[in-house]
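Visitor: Handing you this structure, nothing more for now.
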Amino acid sequence: MENKIAPKTEETVSSNMAAPFKLNIKRTCLIGFAFFGILLLWQVYDSWCPTILTDLFLKAMYGVATESASDEQVRSLQYLVGVIMAMDNLAALILLPIFGHLSDKTHTKIGKRMPYILAGTFVCAVAFPFIPLFYHFNNLAGTISMMAIVVMFMMMYRNPAVALMPDITPKPIRSKANGIINIMGYIGGAFATVVGIFFVMSEYLGSKKTSDGSLAPHTWAYRNIWAVEIPFLVASALMLISALVLFFCIKENKIEAEMKDELARGEEISATEDKVDDDKPLSKANKRMLFLILFAEFFWFMADNGIGTFMGNYTIYYLGASSSSNMINTIVGGIGSVLGFAIGGYIAEKIGRKWTIFSGLGVSFLAYAVWLIMNFTVLRESAASGSFPIIIYVVWFVKGFGMSLVHLNSFPMVVELCSSKKIGAFTGYYYASSMAAQTATPIALGSLLLIPGFDFSFLPLYALLCLGVSVLIFLFVKSIKRGKVVVKKGFAAFDGED
């Protein structure tokens, strides 16, 4: 049964009716440059680093490069790859809530979030190109060290960057604002993906196969340092540019002062079981809702990130296809995600955030189920053939659409439960849950790949199980309807003024 939180007085309703909430689309897009930089770096990191680690471990433990390695040797190393990917995330799990809490307490002339965004971006941009540099010269310790530095300082940047949107956006329109922020992020991811189409990791490795299963002839990219260095350099340059755009265009303190009354009015009609108070601890009902959302989030990130971490290796080592195919697949999934981000806020207005998220989980579940069935039927013929099946593009588009509905509404649900003074801390809780999943899932899936008979074809089964647990947990989250509030519809909801 759904709870309805009514406005406290007729005066409140009248006030809401007189001044409908509207979203400043230009300012929200500019704030989105922060997320642009985050997903840009993350896309390069997730697409290249697992394969980089696999190649380095093959040389260190078996004395062979990727092109000469057996399937068994590759599979046996995925546990180690998962552990390294997870160790970086474990450090981030600790740092996320810390930086969220610190930024809540910070007060400077450039704002409370901006110092962390600028410092974190600068260190990441400098350190990031050293990952492929150390890799090219077969320095395993240097590669892992640079990965750790990048992840830790990305967490210094990520939490405050994401918290900037709810800092200056009233609660009722945060889903729409989050949609714009995520679209900006996916544009950043698309930049990285397009670069990956032209600078192909499988060609650098010499591991691409032809239709008869033999290795394809080497190209200019074979063991050429620029084939792996350029994507990282492009990511660093664009990260710096995005941070500078944010710094010069968003005057954090000024905007927060201008939005003070609107933010206060949004607090009055938040979709929570109990009223949120600055000076009181979280109520029992709201705390229960928070924990349920975070636990469900943990498992849907277990599914999504587990697949994302090993998809590059699935493409190269299981299908024997070009890594550029995986980049195109990422773009296709991104298009589905952008569609979801564009309409997800409107869907949430009609059926509520809970049921929008639930619908997204259901759509993603069906996509993984189709992929699993295909893996044990028609895709068996594609394994090691050098081709990338079209059905996977379809699955990725549908999955991208479904998970965008989830991500679009889950973050606003979490920060809905806190006051404006604790947005950084609650942003930290949200990302701590996701990073906990990203710490656990590479190890869990890498361990499963050690089991005889459990190969990359079981990736969708793993995702299905994790997603199923997430759905069961999320069923217990209550769907809260707001009190009567006017939000402008369609394009009228967006205000183009500065």
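Count along the sequence shown starting at 1, add 698, and that's the number in the working numbering.
For each residue, glycine too, the CB sits at the ideal point set by N, CA and C.
Report the three-state DSSP secondary structure of Leu1165 (helix, strand or coil).
Guide: Three-state result, Leu1165: helix.
Visitor: Quick one: Cα of Lys952 to Cα of Arg811, how far?
Guide: Using only the alpha carbons, I get a separation of about 13 angstroms.
Visitor: Taking Cβ positions, are Phe851 and Gly818 nearer each other than 7 angstroms?
Guide: Yes; because the gap between Cβ atoms is below 7 angstroms, this pair is in contact.
Visitor: Whose C-alpha, out of Asn787, Gln771, Ser766, is nearest the C-alpha of Gly1004?
Guide: That would be Asn787, whose Cα lies nearest to the Cα of Gly1004.
Visitor: When you compare each of Gly1043, Pro795, Ala825 to Ser873 by their alpha carbons, which one comes out closest?
Guide: Comparing Cα-Cα distances from Ser873 to each of Gly1043, Pro795, Ala825, the minimum goes to Gly1043.
Visitor: Counting C-beta neighbours from all protein chains within 10 Å, is the total for His805 16 or more, i.e. buried, or is it exposed?
Guide: So His805 ends up on the exposed side.
Visitor: Which value, in whole angstroms, describes the spacing of the CA atoms of Thr1137 and Met853?
Guide: Taking the straight line from one Cα to the other gives about 14 angstroms.
Visitor: Could you tell me the distance, in whole angstroms, from the CA atom of Ile1055 to the CA atom of Met759?
Guide: Cα to Cα, Ile1055 sits roughly 44 angstroms from Met759.
Visitor: State whether the region 888-900 contacts the region 824-835, with contact taken as three or more CB pairs (one from each stretch) at a distance under 8 angstroms.
Guide: Cβ pair count under 8 angstroms is below three, so no.
Visitor: State the start and end residues of the unbroken alpha helix (DSSP H) segment that holds Glu901.
Guide: That run of the alpha helix (DSSP H) goes 899-903.
Visitor: Answer yes if the region 1067-1074 comes into contact with the region 1147-1159, meaning at least three C-beta pairs across the two stretches below 8 angstroms, and no otherwise.
Guide: Counting Cβ pairs under 8 angstroms, three or more are found: they touch.
Visitor: Do Ser1131 and Leu988 come within 7 angstroms of each other at the CB atom, strictly closer than that value?
Guide: For Leu988 and Ser1131, no; Cβs fall outside 7 angstroms.
Visitor: Would a C-beta distance cut-off of 7 angstroms place Met1000 and Cys747 closer than the cut-off?
Guide: The answer is no: Cβ separation not under 7 angstroms.
Visitor: Provide the residue span of the alpha helix (DSSP H) that contains Trp924, from first to last.
Guide: Unbroken alpha helix (DSSP H) run through Trp924: 923-947.
Visitor: Let me confirm a value: Gly761 is counted as buried when at least 16 other C-beta atoms fall within 10 Å, else exposed. Which label applies?
Guide: Counting Cβ neighbours within 10 Å, Gly761 comes out exposed, since fewer than 16 surround it.
Visitor: Please state if the CB of Val860 and the CB of Phe645 are separated by a distance shorter than 7 angstroms.
Guide: The displayed coordinates of the chain run from 699 to 1196. Any statement about residue 645 would go beyond what the structure contains.
Visitor: Between Thr726 and Ile879, how many whole angstroms is the CB-CB distance? I'm expecting something under 8 angstroms.
Guide: Their Cβ separation, rounded to whole angstroms, is 7 angstroms, which keeps Thr726 and Ile879 in contact under 8 angstroms.
Visitor: Please confirm whether any heavy atom of the ligand MG lies closer than 6 angstroms to the CB of Phe930.
Guide: This structure lacks the ligand MG; in fact it carries no ligand of any kind.
Visitor: Put Arg811 into one of helix, strand or coil per three-state DSSP.
Guide: Looking at Arg811 - three-state DSSP - the assignment turns out to be coil, as it is neither helix nor strand.
Visitor: Suppose you measure from the CA of Ile866 to the CA of Phe996; what does that come to, to the nearest Å?
Guide: About 27 angstroms.
Visitor: Taking Tyr1066 as the reference, give the member of Ala1046, Phe1174, Ile829, Phe1095 with the closest Cα.
Guide: Answer by Cα proximity: Phe1095.
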